[in-house]
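Student:
In the working numbering, the protein residues as written are 75 to 155.
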């Protein structure tokens with residue numbers, strides 16, 4: 075699990091810290107569940123970082139979905155009456 079941390083308060087294991095520092099992340103809190111094998115932890119960290127998405131793009135995508143959903147609902151309600 076990777077979470078943002080308060081400024082200068084992040085803590086994580088040695089293998090995770092090496093990866094996130096190379097990615098330019100300074101303040102992060104991590105939790106390793108199950109295997110703490112450094113190789114597996116590094117692979118999981120890389121996978122988690124690859125799954126991150128641009129917040130602005132996600133907000134725009136969700137706005138379009140919500141707007142389309144409400145328009146569809148309004149159109150279907152008027153057709154049923």
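Note that beta-carbon positions come from the ideal geometry of N, C-alpha and C, so glycine has one too.
In this structure, how does DSSP classify residue 76 when only helix, strand and coil are distinguished?
Tutor: Looking at residue 76 - three-state DSSP - the assignment turns out to be strand.
Student: When DSSP labels each residue in this structure, what does residue 115 get in the three-state scheme?
Tutor: helix
Student: Would you report the Cα separation of residue 104 and residue 90, rounded to the nearest angstrom?
Tutor: 8 Å
Student: Looking at residue 98: is its Cβ nearer than 8 Å to the Cβ of residue 115?
Tutor: no
Student: Measuring only the C-alpha atoms, how far is residue 76 from residue 102?
Tutor: Their backbone Cα atoms lie some 7 Å apart in a straight line.
Student: Exposed or buried, residue 119, counting other C-beta atoms within 10 Å across all chains shown (16 or more means buried)?
Tutor: buried
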